[in-house]
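One structure below.
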DNA sequence: CTGAAAGCGCTTACAG
DNA sequence: CTGAAAGCGCTTACAG
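And the structure:
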């Protein structure tokens, strides 16, 4: 058996013994140069100030020692973690893996790691993610926040951690109070938020009591200078289109199932508007979560209405719709003959089960968010005003309606 | 409107202006103590050496300034990232989100972030993850490696980054060459691997040529001292059980669809053993990936056999099985009357589509892996020998077979 | 052109 | 009991 060269090298053997990773200092000692010179040679494509022979020696040693730069040290020195955070309700909701994949596809080649935070759609979970992020664990954040608003996120933006929000806006806004939350005096709001977070969680209590704390600072409604971008589809219009589709199919009693917080609110608005304009009564079933279990529960309560039950059910997401479908089938009903069911998201399973739904381009949403974030992270990128990036949705007709 | 106390504080306002996060130094300056004292007070529950008044002043200032420790600085100083890496083929494969969730559920309360690396089941992707990890980006790794073997991972273990492997072993081993890969001379192998990685990717070429490079170092088959743990179900026995189930149902022509690399190999072994013992012919269809598309392709080629087509098809994972189901239905066949289909994993969709499958407890797999990793990360934990942790599988009978 | 020093923010061992 | 210094590994501005 041939012994590889490095095995004969005293330095390598020594390193193997010590079991610690080699540093620039080790290379410098072996090459007889300063540690700073090693850094130069390793990082710059050209080093006119270093003799070719020295450069070659350093490079060779780095290879032999399998030198890898210490990432935490670089992070501290450069004030860049090369990490992107992705804050989502729940990775097991099939909508999100595709989004995460889109994120990673852009992030990885650019040298960024991706950190996942699950919030369960809870205000505590979202706040916890923000707190962690304030410790400088990531350079930027892509987040689907059900509870936190611009001023809460301002804490990050102020600390130069750009945020890209998912599903945070409608094209035409102003109808929901949520959209009027813009802060004016950025400095004051930032200090205020910091104060509240630091001293206690008062603002969360305030929030829970449905008193938007931001009002304190947002007398002037001009949009602030926060570099918070949004990547979204027009949820309200999409839900409206789906509702019109159902009405067009002859449905008159259409119920909607949705979660207490999150994108369901905007989707509900689209449904509500179309139903009202058509002179039809709305029928909302609200649950805590967007799960299949919640959908099944909702369907059961809908079926309990007997002959007055709806002829069509609109799940605010596919999980709800799928759970509803299953419950209807379990009750002996045939879809779509006995009852039509439609959803929202177009998760992979929707296709397999023939669910008519609204397609959101999750991969593109994720990759666009990553691109936007990385752009912000470029020198000078932090200064640009927040962008609203809208992607197209699509009604996907399948067999369930 | 009441002005919160902190808004009147000159220091807070100043901080808001500077837009930089406050450090211990800032608190120290404001409190008139040394930065080290601030660190002490902030980190220790009790500081007998610091007067109560001073301590209170520091704590109060930290609150007002909304001080958050700088995570990268802590990481460098403590040599702990408080981050766990999860290396998986593809987060969009529905088996993995549940596993990731299990991981997070244990990791988050313990203070660990979770980093996700997708490898696409490619050797390049796995090697890239290892290289990144060698830069000290995480304290430990949970990984499903399709290609890398113990010696490749030894690079991490040697650098005190513990690894927990998923699906890396059978209960009864020795049948597949894969299981005889244990290294003896740890030091030598580590240096060797480091050498190969540093200088070139020769070892990967060697691997591709099916010459296990580990052989060079593994003359002595005694299991090494590497702290590499495994968390797994008995894939071979599970596949055997499923095959027996199909034979028990009267099937004689049973085909198996699998991916080129990964857990399919072990599952194939179980299928093969049972088929051979029953005097039946095996029928393998191998594709590059474990996707629904691959399953559909495989089913099409199976159906092209006409009257000699199999009566049952065993997908090495649920995605393959679901794709196969869809292709069979698209071809006008009814399941299970015309052809039975079974899978492996029990992803959420399997339930919705009535797929008979092998249930793997993915959440438990993930949480057990996290617990094992965190245990290793405790003082002294690195020394314990690698454990093999087996969880129970379960045959879930549904309507597809 | 060349090499040594400062400093990122933190924790802990150590000197007064 | 109290407070200042060293040092984690790195990059870059700066002095010779």
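Chains as they are written, first to last, in my numbering: chain A, 70 to 470; chain B, 70 to 470.
Backbone N, C-alpha and C define an ideal beta-carbon position, used for all residues, glycine too.
The structure presented is a predicted model; accordingly, all values stated were derived computationally and were not measured.
Practice prompt. Look at the alpha carbon of residue 309/A and the alpha carbon of residue 303/A, and state the distance between them as a whole number of angstroms.
Written response: 10 Å
Discussion item. Taking 7 Å as the threshold (beta carbon to beta carbon), is residue 467/B in contact with chain A?
Written reply: no
Item to complete: Under the assumption that residue 357/B contacts residue 363/B (Cβ atoms under 8 Å), give the Cβ distance between them as a whole number of angstroms.
Response: 7 Å
Practice prompt. Would you tell me roughly how many angstroms separate the C-alpha atoms of residue 146/B and residue 145/A, rounded to the nearest one?
Written response: 10 Å
Discussion item. With H, G and I counted as helix, E and B as strand and the rest as coil, what does DSSP make of residue 234/A?
Written reply: strand
Worksheet item: Just checking my contact of residue 170/B with residue 187/A at CB under 8 Å: how many whole Å lie between their CB atoms?
Response: 7 Å
Worksheet item: Of the residues that make up the segment 209 to 233 of chain B, which ones have a beta carbon closer than 9 Å to any beta carbon in chain A?
Response: 224, 227, 228, 229
Practice prompt. Specify whether the segment 335 to 348 of chain B and the segment 311 to 324 of chain B touch according to this definition: at least 3 beta carbon pairs, one from each stretch, less than 8 Å apart.
Written response: yes
Worksheet item: Would you say residue 139/B faces chain A, with C-beta separation under 7 Å as the test?
Response: yes
Discussion item. If distances are taken between C-alpha atoms only, which option among 332/A, 447/A, 95/A comes closest to residue 130/A?
Written reply: 95/A
Practice prompt. Check whether the Cβ of residue 317/A lies closer than 7 Å to any Cβ atom in chain B.
Written response: no
Worksheet item: Alpha carbon to alpha carbon, what distance is there between residue 174/B and residue 210/A?
Response: 21 Å
Worksheet item: According to a CB-to-CB cut-off of less than 8 Å, which residues of the segment 368 to 383 of chain B neighbour chain A?
Response: none
Item to complete: Report the neighbours of residue 145/B on chain A: residues whose CB is nearer than 7 Å to its CB, in chain order.
Response: 141, 142, 145
Worksheet item: Quick one: what's got a C-beta closer than 7 Å to residue 400/B's C-beta in the same chain, skipping five residues either side?
Response: 372
Item to complete: Determine which residues share a DSSP beta bridge with residue 459/B and list them.
Response: 301/B
Item to complete: Compute the beta-carbon to beta-carbon distance between residue 140/B and residue 335/A, rounded to the nearest angstrom, for a pair I have assumed lies under 8 Å.
Response: With 8 Å as the limit, residue 140/B and residue 335/A do not qualify as a contact, their Cβ atoms being about 34 Å apart.
Discussion item. Less than 7 Å between the C-beta atoms of residue 361/B and residue 325/B, yes or no?
Written reply: no
Fill in: residue 392/A, buried or exposed, once every other Cβ within 10 Å from all chains shown has been counted against 16
buried
Worksheet item: Does residue 169/B have its Cβ less than 7 Å from a Cβ in chain A?
Response: yes
Discussion item. Using only the alpha-carbon positions, how far apart do residue 154/B and residue 197/A sit?
Written reply: 20 Å
Worksheet item: Which same chain residues, not among the five before or five after residue 137/A, have their C-beta less than 7 Å away from its C-beta?
Response: 90
Item to complete: Measure the CB-CB distance between residue 231/A and residue 323/A and report whether it falls below 7 Å.
Response: no
Fill in: residue 157/B: first and last residue of the uninterrupted beta strand (DSSP E) it sits in
152 to 157
Worksheet entry | Those residues which DSSP pairs with residue 382/B across a bridge | 324/B, 410/B
Discussion item. Under 7 Å, Cβ to Cβ, is there at least one residue of chain B near residue 90/A?
Written reply: yes
Practice prompt. Determine, using beta carbons only, whether residue 183/A comes closer than 7 Å to chain B.
Written response: yes
Worksheet entry | Residue span of the beta strand (DSSP E) that contains residue 416/B, given as start and end | Premise fails: residue 416/B is in no beta strand (DSSP E) and is neither H nor E.
Worksheet item: Which of helix, strand or coil does DSSP assign to residue 186/A?
Response: strand
Worksheet item: What's the gap between the Cα of residue 240/B and the Cα of residue 434/B?
Response: Annotation note: pLDDT 45 at residue 240/B (below 50); position unreliable, coordinate value reported separately. If I take the Cα positions, the gap works out to 16 Å.
Discussion item. Just list the residues that DSSP pairs residue 428/B with in beta bridges.
Written reply: 414/B, 463/B
Practice prompt. Consider the Cβ of residue 296/B: report whether some Cβ of chain A lies at a distance smaller than 7 Å.
Written response: no
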